[in-house]
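Here is the structure we will look at.
There are 2 protein chains.
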Amino acid sequence: MATSCFAERLAKHVPLSDAEKSALARLEENPRKVKRGAMIQRVNETVTELFVLREGRVMSFVILPDGSRQILRVYFPGDFIGSASTIYSKAPESLVALTDVVVCPFDKHALRRLLEDYPRVAALLFLLSNAERVAMTDRMASLGRTSAKARVASFLLDMFDRLRVTDDGVIDSFDLKLTQEEIGDSIGLTSVHVNRMIRQMEQEGLISRSNGRITLHQMARLEEIGHYINRHKVMDLDWLPVG
Amino acid sequence: MATSCFAERLAKHVPLSDAEKSALARLEENPRKVKRGAMIQRVNETVTELFVLREGRVMSFVILPDGSRQILRVYFPGDFIGSASTIYSKAPESLVALTDVVVCPFDKHALRRLLEDYPRVAALLFLLSNAERVAMTDRMASLGRTSAKARVASFLLDMFDRLRVTDDGVIDSFDLKLTQEEIGDSIGLTSVHVNRMIRQMEQEGLISRSNGRITLHQMARLEEIGHYINRHKVMDLDWLPVG
DNA sequence: GTGGGGCGTTTTGCCATCGTAACGACAATT
DNA sequence: AATTGTCGTTACGATGGCAAAACGCCCCAC
Chain S
1 MATSCFAERL AKHVPLSDAE KSALARLEEN PRKVKRGAMI QRVNETVTEL FVLREGRVMS
61 FVILPDGSRQ ILRVYFPGDF IGSASTIYSK APESLVALTD VVVCPFDKHA LRRLLEDYPR
121 VAALLFLLSN AERVAMTDRM ASLGRTSAKA RVASFLLDMF DRLRVTDDGV IDSFDLKLTQ
181 EEIGDSIGLT SVHVNRMIRQ MEQEGLISRS NGRITLHQMA RLEEIGHYIN RHKVMDLDWL
241 PVG
Chain D
244 MATSCFAERL AKHVPLSDAE KSALARLEEN PRKVKRGAMI QRVNETVTEL FVLREGRVMS
304 FVILPDGSRQ ILRVYFPGDF IGSASTIYSK APESLVALTD VVVCPFDKHA LRRLLEDYPR
364 VAALLFLLSN AERVAMTDRM ASLGRTSAKA RVASFLLDMF DRLRVTDDGV IDSFDLKLTQ
424 EEIGDSIGLT SVHVNRMIRQ MEQEGLISRS NGRITLHQMA RLEEIGHYIN RHKVMDLDWL
484 PVG
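Same order as they appear, the protein sequences are chains S and D. If you read the first sequence in the numbering used here, its first letter stands for residue 1, the second for the next number, and so on. If you read the second sequence in the numbering used here, its first letter stands for residue 244, the second for the next number, and so on.
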């Protein structure tokens, strides 16, 4: 039996029973490889699947009628993707692989049956979706009420802290795998202005760059500039049912 | 036994069994009245409760270090509020009553036990939290990539459509109960610019106003200007376990 | 090795959008 | 009559968008 990437993900938060683990593993019959740049889900197309991302990076986004793009979320290994298909039969957002990727798709009805049988898994998913909700409110405050520089700073810190959850190799530098245009589309700026801000922050010694890797030098200062809060540090899982 | 406002809310989406209804009702021992302007929850304070809003309107918001405010969400009767307290023991956002209000608080652990015993209720809550997530991605696209006028238009339409879900008296006009400053703090604009846009839209015959009530005249045109999608119309609840 | 072609980054000048500050009108409270 | 809250209006200026071009880099073909 192949290991379940969903089980691995959930086990990062809370220990799972063997029954839970094997039930999770049964969901995943065909991990799927996707090439960099390929579309995993297209907005408005019928969807019945959700995914867990095993390897690589994925983004979700929408294109507005004027052609501009808003990137909604960048996903990292272990993330749970596409849960909107439980309530909308047409995808509200597109999914594209930012790198070569391995995703584990499940059918939405198989997920439902799992949640019926394993209430602790259901509770954990409910918790994580609340954490995602708070992450999105943080982004909203950033988009609505902070300057371009603050948005870049908090975006970099967010990516950094989320990478660190699963990737222990990340200390103070990381490979973003995003173009400046993609950064701009994430935080509501043009690529030109992203570039201005990044160079400015580099000149000020806040960050540095070499061949695609970004190094954060003054975390505390960056957090201040970006009005950034690291929510991962303060999560509290004792709401969950006892194992 | 008092009726449960939570049960009423959920029953709007799907029929509930008597067992489910009475379990929901047991959660609510003390509906609480709150005066207009009073704080229901303060950011960073310890919280162990969630709420369903029975009467009136509530907003959630954060204040940034420079004093500016981002309003995250306006809640209407029937909405489920403050679920972040399941995962963060300190509130990530403040809640304030916009009008005189009646809220039904539950303890977060009582909610957990309910979800364990009633998987269908758990599934329904999971669904609704996914719908909320999509609503927030729509707002993010609006904040990040649309003009001031588009934001005002989509904000008005969103408020309108959400009011209509529960309030059958709403046809084409409604009472927003928000100052222009509050509108601005919701959509990332200053009150001055909100005022500019509203007066412009009034001149163009898109909306009209009289003593606090707003009337929407050209819905289709407003949807186009705001790049607005009414997600309520396309929800699909057949993912839920059979009753 | 040389000459593209594609892709992302860097840079510039111009200017629209939107924020800031400040004040008056008006209604509702007290 | 004084106070408070909201809306309306203006002048001014900063932030950040837009368009366009050059630059650097990598890969590939010849």
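Glycine residues also receive a C-beta, built at the ideal position from the N, C-alpha and C atoms. Owing to the predicted nature of the structure, the values given are computational and were not obtained by experimental measurement.
Item to check | Segment contact, 8 Å Cβ cut-off, at least three pairs: the stretch 395 to 408 of chain D with the stretch 151 to 159 of chain S | outcome: Under the 8 Å Cβ criterion, the stretch 395 to 408 of chain D does not count as touching the stretch 151 to 159 of chain S, having fewer than three qualifying pairs.
Item to check | chain D contact for S:PRO31 (CB, 8 Å cutoff) | outcome: Numbered from its first residue, the first sequence carries residue 31 of chain S at position 31. No, its Cβ sits nowhere closer than 8 Å to a Cβ of chain D.
Next on the checklist: For chain S, check one thing: does any of its Cβ atoms lie closer than 8 Å to the Cβ of D:PHE488?
Outcome noted: Residue coverage of chain D in this structure runs from 244 to 486, which leaves residue 488 of chain D outside it and unanswerable.
Checklist entry - How long is the line joining the alpha carbons of S:ILE244 and S:LEU216, rounded to whole angstroms? => result Outside the displayed span of chain S (1 to 243) sits residue 244 of chain S, for which this structure offers no information.
Checklist entry - So, helix, strand or coil for D:TYR471, using DSSP? => result For the purposes of this step, residue 471 of chain D is taken as the residue at position 228 of the second sequence. Looking at D:TYR471 - three-state DSSP - the assignment turns out to be coil, as it is neither helix nor strand.
Item to check | Chain-ordered chain S contacts of D:ALA384 [CB-CB under 7 Å] | outcome: The residue you call residue 384 of chain D lines up with position 141 of the second sequence. Near D:ALA384 (Cβ distances below 7 Å), the residues of chain S are VAL62, LEU64, GLN70.
Checklist entry - What residues from chain D crowd round S:ASN130, counting only those whose CB sits closer than 9 Å? => result Here residue 130 of chain S refers to the residue found at position 130 when the first sequence is read from its first residue. Neighbours of S:ASN130 on chain D, chain order: SER326, ALA327, SER328, THR329, ILE330, TYR331, SER372.
Next on the checklist: Bridge partners for S:PRO105 per DSSP, in chain order?
Outcome noted: As a working note, residue 105 of chain S is residue 105 in the first sequence. In the DSSP output, where bridge partners are listed per residue, S:PRO105 has S:PHE51.
Checklist entry - So with Cβ pairs under 8 Å, would you call S:GLU116 a contact of chain D? => result The residue labelled residue 116 of chain S in the question sits at position 116 within the first sequence. Chain D contact via Cβ: present.
Checklist entry - Does DSSP put S:ALA97 in a helix, a strand or coil? => result If you number the first sequence from 1, residue 97 of chain S lands on position 97. Of the three classes helix, strand and coil, the one that applies to S:ALA97 here is strand, per DSSP.
Checklist entry - Does any C-beta atom of chain S lie closer than 8 Å to the C-beta of D:ILE441? => result Along the second sequence, one-based indexing puts residue 441 of chain D at 198. No, no contact with chain S.
Checklist entry - Nearest CA to the CA of D:THR342: which residue from D:LYS278, D:ARG312, D:LEU358? => result As a first step, residue 342 of chain D must be located in the second sequence, where it is residue number 99. Nearest in C-alpha terms to D:THR342, of all of D:LYS278, D:ARG312, D:LEU358, is D:LYS278.
Next on the checklist: Just to confirm my understanding: we take D:SER328, look at its own chain, exclude 5 residues before and 5 after, and list those with CB closer than 7 Å. What are they?
Outcome noted: Taking the first residue of the second sequence as 1, we reach residue 328 of chain D at position 85. Taken in chain order, the residues that qualify are VAL290, THR291, GLU292, LEU293, ALA334, LYS351.
Item to check | Run of the beta strand (DSSP E) containing D:LEU459, from where it starts to where it stops | outcome: If you number the second sequence from 1, residue 459 of chain D lands on position 216. Residue range 456 to 459 is occupied by the beta strand (DSSP E) that includes D:LEU459.
Checklist entry - From D:LEU421, D:CYS248, D:GLY469, D:LEU307, pick the residue whose C-alpha is nearest to that of D:VAL286; which is it? => result Working through the second sequence from its first residue, we reach residue 286 of chain D at position 43. Among D:LEU421, D:CYS248, D:GLY469, D:LEU307, the Cα nearest to that of D:VAL286 is on D:LEU307.
Checklist entry - When you compare only the Cα positions, how much space is there between D:LEU419 and S:CYS5? => result In the second sequence, residue 419 of chain D corresponds to position 176, counting from 1. In the first sequence, residue 5 of chain S corresponds to position 5, counting from 1. Distance between the alpha carbons of D:LEU419 and S:CYS5: 46 Å.
Item to check | Closer than 7 Å at the beta carbon, the chain S residues around D:GLU336 | outcome: As a working mapping, residue 336 of chain D is identified with position 93 in the second sequence. Ordered by position in chain S, the residues that pass the 7 Å Cβ test against D:GLU336 are THR137.
Item to check | Partners in chain S for D:MET478, counting only beta-carbon separations shorter than 8 Å | outcome: Residue 478 of chain D sits at position 235 when you count from the first residue of the second sequence. Residues of chain S passing the Cβ test: ILE87, TYR88.
Checklist entry - Can you tell which of S:PHE61, S:PRO77, S:GLN203 has the C-alpha that lies nearest to the C-alpha of S:GLN70? => result Residue 70 of chain S sits at position 70 when you count from the first residue of the first sequence. Ranking S:PHE61, S:PRO77, S:GLN203 by Cα distance to S:GLN70 puts S:PHE61 first.
Next on the checklist: Here's a check: name, in chain order, each residue in its chain whose Cβ is nearer than 6 Å to the Cβ of S:GLY78, leaving out the five neighbours to either side.
Outcome noted: For the purposes of this step, residue 78 of chain S is taken as residue 78 along the first sequence, with counting starting at 1. Here the set comprises ARG9, THR166.
Next on the checklist: To test your reading of the DSSP string, which unbroken alpha helix (DSSP H) runs of 4 or more residues are found completely within the stretch 105 to 186 of chain S?
Outcome noted: Those alpha helix (DSSP H) runs which fall completely within the stretch 105 to 186 of chain S and span 4+ residues are 108 to 117, 119 to 145, 148 to 166.
Item to check | Run of the beta strand (DSSP E) containing S:ILE87, from where it starts to where it stops | outcome: As a working mapping, residue 87 of chain S is identified with position 87 in the first sequence. Following the DSSP letters along the chain, one finds S:ILE87 in no beta strand (DSSP E), marked with neither H nor E.
Next on the checklist: Any beta carbon from chain D within less than 8 Å of S:VAL134's own beta carbon?
Outcome noted: For the purposes of this step, residue 134 of chain S is identified with residue 134 of the first sequence, where counting begins at 1. Yes, S:VAL134 counts as interfacial toward chain D.
Next on the checklist: Assuming D:ARG388 and S:GLY188 are in contact, meaning their beta carbons sit under 8 Å apart, how far apart are those beta carbons, in whole angstroms?
Outcome noted: One-based indexing of the second sequence puts residue 388 of chain D at position 145. One-based indexing of the first sequence puts residue 188 of chain S at position 188. Confirmed, about 6 Å.
Next on the checklist: Taking its Cβ as the centre, do 16 or more other Cβ atoms sit within 10 Å of S:ARG151, making it buried, or is it exposed?
Outcome noted: Stepping through the first sequence from its first residue, residue 151 of chain S is reached at position 151. Buried.
Item to check | Endpoints, beta strand (DSSP E) assigned at S:ARG36 | outcome: By one-based count along the first sequence, residue 36 of chain S stands at place 36. Unbroken run through S:ARG36: none, as it is neither H nor E.
Item to check | Exposure of D:ASP360, with buried meaning 16 or more beta-carbon neighbours within 10 Å | outcome: On the second sequence, residue 360 of chain D is found 117 positions in, with the first residue counted as 1. By the neighbour-count criterion, in which 16 or more other beta carbons inside 10 Å mark a residue as buried, D:ASP360 falls on the exposed side.
Checklist entry - For D:THR389 and chain S, any beta-carbon pair shorter than 8 Å? => result Stepping through the second sequence from its first residue, residue 389 of chain D is reached at position 146. Yes, its Cβ sits closer than 8 Å to a Cβ of chain S.
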